[in-house]
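Participant: Structure incoming, see below.
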Amino acid sequence: MHTVRIPKIINFGKNALSETQFPKNALVVTTAPPEVSSKWLAKMKITDYMLYDKVEPEPSIETVNKVMSEYKSKNPSAIIGLGGGSSLDVAKYSGAELKIPKILIPTTFGTGAEMTTYCVLKFEGKKKLLQDERFLADVAVVDSYFMEGTPEAIVKNSVCDACAQATEGYDSKKGNDLTRMMCKSAFEVLYDAIVNNKPENYPFGSMLSGIGFGNASTTLGHALSYVFSNEGVPHGYSLSSCTTVAHRFNKSIFYEKFKEVMEKLKFDRLTLKAPIDQAADIVMTDRGHLDPNPVPVTKEDVMHLLKDIVDGRL
Ligand SMILES: [Zn+2]
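Counted the way my numbering counts, the sequence shown spans residues 253 to 566.
Here you go:
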């Protein structure tokens, strides 16, 4: 048997934001400053709401606890996560704890977080990836309206993440016919959007990717990327090379096309400060990504791949 979990309602496409009905007395959580969020809230045509706009990037469990203690007594009817991954993660966790509906509205597109059961929060200063059915959105609203005004580097890194997640998700041993269908379609949408300059289609591609990989997993590309993330490289950027070499190693059907879109997006070569041997040891501990990889991976393989990445042999 296979199980696939997706939000109860997915509102997407043109005008999804303005045509979605939001419940009264909902709590909106966001990282965005008032001058940005006021524009978004006006577009949502939401009037009766509470706003918590002090979510920090890479939020911690303390932020979640603060939101809950501050608003629990006000009986919010729902929690609306409005923003990037950070806002969505706080809404997912708080909504699950408060047992109120979660409405997730991503304003950057790549992680597909609005579709998944994942939640990333910091506990005692350390980022932790949690997964629970309770984190799934009741309503996800995906609207490319937010694309305008997003800095280009963020758009580029985010779409790279979506491409990596779709293609690694397709190859994952945890996948099934339905997740593979979603992942394949996701990459087709994203490939077409990148090659033919249609960024307005990134949100749809990223959404499909979220449904696909979110019910399977990512694999070797993501495992390799964390040693670069640890040195401050943005997640999407580190995947540009890591997923490319991983696809070559796995003989993935996506290798050529993935490489082609990465070249089109123009990413610089990555550098690594940590010694290759040490970095490979760290990668090898990431069983969550390595075990579902379609091909078994040894430490030697990882060392070769990391060397290929820093030498630009993609
Ligand atoms: Zn990712």
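Just so you know, even glycine gets a beta-carbon here, dropped at the ideal spot from N, CA and C.
1) Give the secondary structure of GLY335 by DSSP, where H, G and I count as helix, E and B as strand, and everything else as coil.
2) Among all the DSSP beta bridges, which residues are the ones paired with PHE264?
3) Which residues bound the beta strand (DSSP E) around PRO358?
4) Run the Cβ filter for me: residues under 7 Å from any heavy atom of ligand 1, listed in the order they occur in the chain.
5) Between which two residues does the alpha helix (DSSP H) carrying ALA418 extend?
6) With DSSP run on the structure shown, which of helix, strand or coil describes VAL280?
7) Which residues does DSSP list as the beta-bridge partners of PHE506?
8) Please confirm if the region 390-398 is in contact with the region 355-367, defined as three or more CB-CB distances below 8 Å between the two stretches.
9) What residue range does the beta strand (DSSP E) around MET302 cover?
10) Quick check on this structure: which residue in GLY421, CYS415 and SER346 has the alpha carbon closest to the alpha carbon of ASP384?
11) Sort PHE264, LEU303, GLU287 and LYS260 by Cα distance to LYS276 and report the nearest one.
12) Could you tell me the alpha carbon to alpha carbon distance between GLN530 and PHE519, rounded to whole angstroms?
13) Give a yes or no on whether 7 Å exceeds the smallest Cβ distance from LYS344 to chain B.
14) Are the beta-carbon atoms of PRO286 and ALA392 separated by less than 7 Å?
15) Suppose you measure from the CA of LYS408 to the CA of PRO451; what does that come to, to the nearest Å?
16) List the endpoints of the continuous alpha helix (DSSP H) containing PHE456.
17) Helix, strand or coil: how does DSSP classify VAL513 here?
18) Mind the definition here: the region 330-346 touches the region 278-285 only if three or more C-beta pairs lie below 8 Å; say whether that holds.
19) Determine the closest residue to THR470 out of GLU308, ASP543, GLU314 and ILE561, with distance taken between C-alpha atoms.
20) How about THR431 and ALA468: are their beta carbons less than 7 Å apart?
21) Using the C-alpha atoms, what's the distance from GLU552 back to ASP533?
22) By the DSSP assignment, the beta strand (DSSP E) with LEU381 in it spans what residues?
23) Can you give the Cα-Cα distance for VAL307 and LEU279, rounded to whole angstroms?
24) Give me whichever residues DSSP pairs with SER312 in a beta bridge.
25) For LYS380, which residues of its own chain have a beta-carbon under 8 Å away from its beta-carbon, when the five flanking residues on both sides are left out?
26) Start and end of the alpha helix (DSSP H) containing GLY540?
27) Hey, quick one: how far does the alpha helix (DSSP H) through ILE534 stretch, first residue to last?
28) Compute the Euclidean distance between the alpha carbons of ALA343 and LYS436, then round it to the nearest angstrom.
29) Compute the distance between the beta-carbons of ALA445 and SER461, then report whether it is under 7 Å.
30) In this structure, how does DSSP classify ASP520 when only helix, strand and coil are distinguished?
31) Give every residue of the same chain whose Cβ lies closer than 6 Å to the Cβ of ALA405, excluding the five residues on either side of it in the sequence, and list them in chain order.
32) Quick one: what does DSSP say LEU340 is sitting in, helix, strand or coil?
Facilitator: Here's the rundown:
1) Stepping through the sequence shown from its first residue, residue 335 is reached at position 83. Three-state result, GLY335: strand.
2) Start at 1 with the first residue of the sequence shown, and residue 264 comes out as number 12. In DSSP, PHE264 forms a bridge with VAL394.
3) Here residue 358 refers to the residue found at position 106 of the sequence shown. Unbroken beta strand (DSSP E) run through PRO358: 354-358.
4) THR363, ASP413, ALA416, GLN417, THR470, HIS474, HIS487 and LEU491
5) Residue 418 sits at position 166 when you count from the first residue of the sequence shown. Where ALA418 is concerned, the enclosing alpha helix (DSSP H) stretches over 404-423.
6) Taking the sequence shown and counting its residues from 1, the one referred to as residue 280 is at position 28. Looking at VAL280 - three-state DSSP - the assignment turns out to be strand.
7) Here residue 506 corresponds to residue number 254 of the sequence shown, with the count starting at 1. BP columns for PHE506 are empty, so no partner.
8) yes
9) As a first step, residue 302 is located in the sequence shown; it is residue number 50 there, counting from the start. It spans 301-304 - the beta strand (DSSP E) in which MET302 sits, taken as one unbroken run.
10) For the purposes of this step, residue 384 is taken as the residue at position 132 of the sequence shown. Ranking GLY421, CYS415 and SER346 by Cα distance to ASP384 puts SER346 first.
11) One-based indexing of the sequence shown puts residue 276 at position 24. Measuring from the Cα of LYS276, the nearest candidate turns out to be LEU303.
12) Here residue 530 is taken as the residue at index 278 of the sequence shown, counted from 1. Here residue 519 is taken as the residue at index 267 of the sequence shown, counted from 1. In this structure, the straight-line span from the alpha carbon of GLN530 to that of PHE519 is close to 25 Å.
13) The chain inventory of the structure shown lacks chain B, comprising one protein chain alone.
14) Counting from one through the sequence shown, the residue named residue 286 turns up at place 34. Counting from one through the sequence shown, the residue named residue 392 turns up at place 140. Cβ atoms of PRO286 and ALA392: not closer than 7 Å.
15) Counted from its first residue, the sequence shown places residue 408 at position 156. Counted from its first residue, the sequence shown places residue 451 at position 199. So the two alpha carbons sit approximately 10 Å from each other.
16) Start at 1 with the first residue of the sequence shown, and residue 456 comes out as number 204. Unbroken alpha helix (DSSP H) run through PHE456: 454-466.
17) Position 261 of the sequence shown, counting from 1, holds the residue named residue 513. Three-state DSSP puts VAL513 in a helix.
18) yes
19) Your numbering for residue 470 matches position 218 in the sequence shown. Out of GLU308, ASP543, GLU314 and ILE561, ASP543 has the C-alpha closest to the C-alpha of THR470.
20) Along the sequence shown, read from residue 1 onward, the residue named residue 431 stands at position 179. Along the sequence shown, read from residue 1 onward, the residue named residue 468 stands at position 216. For THR431 and ALA468, yes; Cβs fall inside 7 Å.
21) Your numbering for residue 533 matches position 281 in the sequence shown. Your numbering for residue 552 matches position 300 in the sequence shown. For ASP533 and GLU552, the distance between alpha carbons rounds to 10 Å.
22) Translated into positions along the sequence shown, residue 381 becomes position 129. Segment 378-383, the beta strand (DSSP E) holding LEU381.
23) Working through the sequence shown from its first residue, we reach residue 307 at position 55. Working through the sequence shown from its first residue, we reach residue 279 at position 27. Cα to Cα, the separation comes out at about 13 Å.
24) Locating residue 312 in the sequence shown gives position 60, counting from the first residue. Note: SER312 sits in a beta bridge opposite LYS374.
25) Counted from its first residue, the sequence shown places residue 380 at position 128. Once the five neighbours on either side are set aside, the close Cβ partners of LYS380 are VAL372, LEU373 and LYS374.
26) As a position in the sequence shown, residue 540 is number 288, starting the count at 1. Taken as a continuous stretch (DSSP letters only), the alpha helix (DSSP H) holding GLY540 covers 539-542.
27) On the sequence shown, residue 534 is found 282 positions in, with the first residue counted as 1. Run containing ILE534: 528-536, per the alpha helix (DSSP H) assignment.
28) The residue labelled residue 343 in the question sits at position 91 within the sequence shown. The residue labelled residue 436 in the question sits at position 184 within the sequence shown. When rounded, the distance between both Cα atoms is 29 Å.
29) Along the sequence shown, one-based indexing puts residue 445 at 193. Along the sequence shown, one-based indexing puts residue 461 at 209. No, the pair does not count as a contact, with Cβ atoms beyond the cut-off.
30) Position 268 of the sequence shown, counted from the first residue, corresponds to residue 520. Note: ASP520 maps to coil in three-state DSSP.
31) Against the sequence shown, residue 405 aligns to sequence position 153. Correct list: empty, nothing qualifies.
32) As a working note, residue 340 is residue 88 in the sequence shown. The three-state reading of DSSP puts LEU340 in helix, counting H, G and I together.
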